[in-house]
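*Asks:* This is the structure, below, for whatever I ask next.
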Amino acid sequence: MRCSKMDWITPTVFFPLAWGFVLLIASQSKWGENNASRLALVGTLITLVFSIGLLAEYGLQPLNWKFGSFSEYVSYHWLPQLGINLSFGVDGISVPLVLLTTITMVVVVLSSSKVIERRKALYYSLIMISEAGVLGVFTSLDLFVFYIFWELVLIPMFFLIGIWGGPRRVYSAYKFLIYTHVGSVAMLVGFFIAYFSTGGVSFNLMFIAQQLTSPSFPEYLKVAVFTALVLGFLVKMPVFPFHTWLPDAHVEAPSPVSVVLASLLLKMGGYGMIRLAFEMIPSVAQRYAYPIMVLGIVSAVYAALVAYRQDDVKRMVAFSSISHMGFVLVGVATLTSIGIVGSVFQMFSHGIIVGSLFLLSGFVGETAGTRQISRLGGLAKLIPRLGGLMTFTSLASVGLPGLSGFVAEFMILTAAFSHGFAVGISLAAVLALSAGYYMWMLQRMVFSKPKQVETQGDLSGSELVGLAVFSAIIIILGVYPYLLTSYISPTAGLIVHTTGW
């Protein structure tokens, strides 16, 4: 075993996995079923504490790795004959996403208590296991272990949609599984090409990156690895035309599961795009950056236009997510420090904002009996707390100055304009479209005259707690973004410097 100072990484990743199996065992007893939500809340809070310790420890360390800045690093021998080790590390790109995961999962558990009424222990067990999978993806420094955690997320999400989802839950669950697994297979092919073409010695991320950046490494193999990885990550983000699994999954999934999907799973694709595709194979990334940037713009514009046509508020937010992840792709493809900082900031900010929007959309459906915008009206009067939070979060999503969404989008726009007026204007047009469909939704659903829809009360105290946490983060990062950029910027600058972009 090798590690740097105090090991916060191992408990952060493996505690929620172990706790998930404890809940799975507890599901066999009546006591476990009755106390599942409390046990899950304890588990997610403990994991949050571990991640805060990791964040604090990382902030005290210097940047000391050529590939990235993995000041926090731990490695355990696992299958050394195949060059596979349990190697984990964090840097300024991954540690904010680790914190996003642990915060989001606490809110997910808090918001599930009134939504999930059957097989509770199994539900919370799958939530905890999926948290471990996401954390493993954000910290793994071994490609094979990265793939294991990547797939670990798919299994619980399939059951979370398929068991607790809406009327078309089985169809949506299988569509989610097939699409994302095809992307996973493409990614795995890229890993094996990289592994065997570098001598079949090690799956270590830094070792393979060093081999792939060697001038003597065959160019066609670099292109093959890059293509396979990009395909896998485009499906996960998702980006047009690989996006069709996402709206169906969101519409059918329970709202807390939609939060996991939009706030965390999509970010796995964005993280992989930075860490593995672009950072690991910088010369090929530089060659194909412009086509990828164009794809990000097309995806953002397309999803924004389709969002206008949606009558289900949850489906509208789903297409909004696709549009915002297009921004992330453009920021990464600019190959600039500010573009990478903006993309990571956008992933964190969007994770918080869209998490709030999906929770609120779910609450609308529960209290009004419908999520159809055309059938709703006057929520500001009928359920003022929900209406007020829906307005606040929508404004954050469209980039209102003073809120976190503005900071992320401004940085990505700055990077986009540095690549040409047309690129910048295209993204600015997406922001205008985004403002349009959110204002259209608010005008019809929140501020119009009340319609003949019976409501069953406003947000309760337990429902407000999670939303209050998200809202506070949106405001704090909007007013003082340095809290996050201080972690991201040094690593982003190091990536741009070492890759030669």
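Mind the numbering: the sequence shown is residues 1 to 501 in the UniProt record's numbering, read in order.
Here a beta-carbon is modelled for each residue, glycine too, at the ideal position from N, C-alpha and C.
Which residues in the same chain as S337 place their Cβ atom closer than 6 Å to its Cβ, once the five residues preceding and following it in sequence are excluded?
*Replies:* Hits under 6 Å: A492, G493, V496.
*Asks:* In whole angstroms, what separates the C-alpha of A56 from that of F88?
*Replies:* Distance between the alpha carbons of A56 and F88 is about 17 Å.
*Asks:* Spatial neighbours of F278 within its chain, please: C-beta separation below 7 Å, excluding the five flanking residues on both sides.
*Replies:* Contacts found: A285, V332.
*Asks:* Taking the Cβ atom as the reference point for each residue, do residue 559 and L464 lie within a distance shorter than 8 Å?
*Replies:* This structure gives no information on residue 559, because the portion of the chain shown stretches from 1 to 501.
*Asks:* Would you mind sorting A26 into buried or exposed? The rule is 16 or more other CB atoms within 10 Å of its CB.
*Replies:* Counting Cβ neighbours within 10 Å, A26 comes out buried, since at least 16 surround it.
*Asks:* Counting Cβ pairs closer than 8 Å, one from the region 130-138 and one from the region 13-21, do we hit at least three?
*Replies:* Counting Cβ pairs under 8 Å, three or more are found: they touch.
*Asks:* Using DSSP with H/G/I as helix, E/B as strand and the rest coil, what is H243?
*Replies:* Three-state result, H243: coil.
*Asks:* Hey, how far is the Cα of W78 from the Cα of G339?
*Replies:* Looking at the two C-alpha atoms, the distance is approximately 37 Å.
*Asks:* In the DSSP assignment, find the beta strand (DSSP E) that holds I84 and state where it starts and stops.
*Replies:* That run of the beta strand (DSSP E) goes 84-90.
*Asks:* Have a look at L141 and V90 and give me their C-alpha separation to the nearest angstrom.
*Replies:* Roughly 9 Å between the two C-alpha positions.
*Asks:* Got a sec? Which residues, its chain only, sit under 6 Å from S486 by beta carbon, not counting five neighbours each side?
*Replies:* Nothing listed; no residue qualifies.
*Asks:* Smallest Cα separation from Y482: which of G342, L229, A429, S471?
*Replies:* For the residues G342, L229, A429, S471, the minimum Cα distance to Y482 belongs to G342.
*Asks:* Just to confirm, is the Cβ distance from S361 to T393 under 8 Å?
*Replies:* No, the pair does not count as a contact, with Cβ atoms beyond the cut-off.
*Asks:* What does the alpha-carbon distance come out to for the pair Y288 and V223?
*Replies:* Distance between the alpha carbons of Y288 and V223: 10 Å.
*Asks:* Which word fits I127, buried or exposed, when buried means at least 16 other C-beta atoms lie within 10 angstroms of its C-beta?
*Replies:* Burial call: buried.
*Asks:* Are the beta-carbon atoms of K175 and H250 separated by less than 8 Å?
*Replies:* Result no, Cβ atoms of K175 and H250 do not sit closer than 8 Å.
*Asks:* Taking only three categories from DSSP, how would you classify H77?
*Replies:* Strand at H77.
*Asks:* Does the Cβ of R169 have 16 or more other Cβ atoms within 10 Å, making it buried, or fewer, making it exposed?
*Replies:* So R169 ends up on the buried side.
*Asks:* For G270, which residues from the same chain have a beta carbon less than 7 Å from its beta carbon, with the 5 sequence-adjacent residues on both sides left out?
*Replies:* Within the same chain, G270 has close Cβ partners M237, M325, V328, S343, M347.
*Asks:* Where does the unbroken alpha helix (DSSP H) through R287 begin, and where does it stop?
*Replies:* Segment 282-308, the alpha helix (DSSP H) holding R287.
*Asks:* Would you say M187 and G232 are within 8 Å of each other, going by their C-beta atoms?
*Replies:* In this structure, G232 lies closer than 8 Å to M187 by Cβ.
*Asks:* Identify, in the order they occur along the chain, each residue of the same chain with its Cβ nearer than 6 Å to the Cβ of G199, setting aside the five sequence neighbours on each side.
*Replies:* Correct list: empty, nothing qualifies.
*Asks:* Ordered along the chain, which non-local residues of its own chain (more than five positions away) have a Cβ less than 8 Å from that of F226?
*Replies:* For F226, where only same-chain residues beyond five positions count, the Cβ hits under 8 Å are G190, A277, I281, V284, A285, Y288.
*Asks:* Comparing the C-beta of N34 with each C-beta of chain C, is any distance below 8 Å?
*Replies:* You won't find chain C in this structure, because it holds only one protein chain.
*Asks:* Excluding the five sequence neighbours on either side, which residues of its own chain have a C-beta within less than 7 Å of the C-beta of F159, listed in chain order?
*Replies:* Once the five neighbours on either side are set aside, the close Cβ partners of F159 are L126.
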